[in-house]
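Numbering (our numbering), first residue to last: 393 to 715.
Read the structure below first, then the notes.
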């Protein structure tokens, strides 16, 4: 076994603790908040879980903008439920991260200051109602591929949060698929609208799985410690194999001239991904980066009085209990 000196270098028993920690993961045991863990394991989890929570929090915005413009009461109710679910997912994930010793305030401050990242996919605009449908089918479809993998995570609180989140995301995925298939069989205007949405969201969705494995420096350690159980490229391939045939069966065109089916492997092979765009968006230069952060900062400031009122109420209850 290659010896890693990651975290607690002053601990004379570090290597023994690390080997037992990795043995537990190999046996399929869950690591819980009170258990010993390498400092780097804790750091990587905080990075991943808080980024995931931020993505849910910011992810409410692109679709939430369409609540007042939904084409029917049924669609409005579905979208309201979905946006509410996303707020709840953020709550689950912030709580999971808090078990690692970071506070909610620290995580939110990192997001609002621009230090923390969230999924690149939410920095694109939703131009038509069909975008909401495509997000539900494709974006949530990619999210589910990643989240079902994370439900097997070695860290107990993250794993358990993902089990519940996946159950709710499955509803979002089905809702999006139903809407896309409906519009794909609809009027010429509806078909053009949903094809345009697919054209704009296809590549950002593939990028959502993350850089190719060769360009993902965190992946080897995350796999070793069971934080991830699949690589970025494996997740992306699963998404392609499931969704490409269904999109083609719906009569839609996938905007990738190099897309092909490999008979030997049974895989759909995509063309070159525009990674320059990915890194530009990650770096803050996407179409909606500034707008998304401004919206979250404004909401945070407008909600200040609620947080202050709750804090004052809690202090008063504590004072009353002490009397």
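C-beta atoms are modelled at their ideal positions from N, C-alpha and C, and glycine is treated no differently.
Closest by CA to residue i, which one among the options?
i: residue 403; options: 429, 692 and 633; result: 429
i: residue 563; options: 515, 545 and 536; result: 536
i: residue 674; options: 506, 547 and 419; result: 506
i: residue 435; options: 585, 642, 613 and 714; result: 613
i: residue 477; options: 553, 656 and 625; result: 553
i: residue 636; options: 617, 594, 603 and 616; result: 594
i: residue 547; options: 520, 625, 650 and 491; result: 491
i: residue 671; options: 622, 602 and 664; result: 602
i: residue 660; options: 683, 629, 604 and 623; result: 629
i: residue 431; options: 669, 420, 410 and 418; result: 410
i: residue 495; options: 442, 472 and 474; result: 442
i: residue 451; options: 684, 633 and 618; result: 684
i: residue 677; options: 470, 647, 509 and 528; result: 509
i: residue 460; options: 520, 405 and 631; result: 520
i: residue 598; options: 664, 573, 556 and 715; result: 664
i: residue 440; options: 538, 421, 472 and 424; result: 538
i: residue 422; options: 544, 462 and 567; result: 544
i: residue 644; options: 589, 680 and 406; result: 589
DSSP three-state call for residue i: helix, strand or coil?
i: residue 547; result: strand
i: residue 513; result: helix
i: residue 419; result: coil
i: residue 588; result: helix
i: residue 532; result: helix
i: residue 406; result: helix
i: residue 641; result: helix
i: residue 697; result: helix
i: residue 715; result: coil
i: residue 427; result: coil
i: residue 596; result: helix
i: residue 454; result: helix
i: residue 569; result: helix
i: residue 581; result: helix
i: residue 623; result: coil
i: residue 394; result: Any reading at residue 394 must be qualified, since the residue scores a pLDDT of 34, below 50, and its modelled position is unreliable; the value itself is stated next. If DSSP states are grouped into helix, strand and coil, residue 394 belongs with coil.
i: residue 559; result: helix
i: residue 507; result: coil
i: residue 608; result: coil
i: residue 680; result: coil
i: residue 675; result: helix
i: residue 462; result: coil
i: residue 691; result: helix
i: residue 601; result: coil
i: residue 540; result: helix
State buried or exposed for residue i, treating a residue as buried only when at least 16 other CB atoms are found within 10 Å of its CB.
i: residue 606; result: exposed
i: residue 571; result: buried
i: residue 437; result: buried
i: residue 540; result: buried
i: residue 639; result: buried
i: residue 697; result: exposed
i: residue 511; result: buried
i: residue 709; result: exposed
i: residue 702; result: exposed
i: residue 549; result: buried
i: residue 699; result: exposed
i: residue 405; result: exposed
i: residue 542; result: buried
Starting from residue i, follow the beta strand (DSSP E) in both directions and report where the run begins and ends.
i: residue 660; result: 659 to 661
i: residue 652; result: 652 to 654
In terms of residues, what are the limits of the alpha helix (DSSP H) holding residue i?
i: residue 477; result: 465 to 490
i: residue 368; result: Lying outside 393 to 715, the shown extent of the chain, residue 368 is not represented and no answer is given.
i: residue 611; result: 611 to 616
i: residue 672; result: 667 to 672
i: residue 496; result: 496 to 504
i: residue 526; result: 521 to 526
**Asked** Counting pairs of beta carbons, one from the segment 454 to 473 and one from the segment 577 to 595, are three or more of them closer than 8 Å?
**Response** The segment 454 to 473, when compared against the segment 577 to 595, does not touch it at the 8 Å Cβ threshold.
**Request:** Report yes or no: do the segment 437 to 447 and the segment 516 to 524 share at least 3 C-beta pairs separated by less than 8 Å?
**Result:** No: fewer than three Cβ pairs fall under 8 Å.
**Message:** When you compare the segment 489 to 505 with the segment 520 to 527, are there three or more beta-carbon pairs, one atom per stretch, that lie closer than 8 Å?
**Reply:** No contact exists between the segment 489 to 505 and the segment 520 to 527.
**Three-pair Cβ contact test at 8 Å for the segment 479 to 495 versus the segment 652 to 659** = Segment contact: the segment 479 to 495 against the segment 652 to 659, fewer than three CB-CB distances shorter than 8 Å; contact not assigned.
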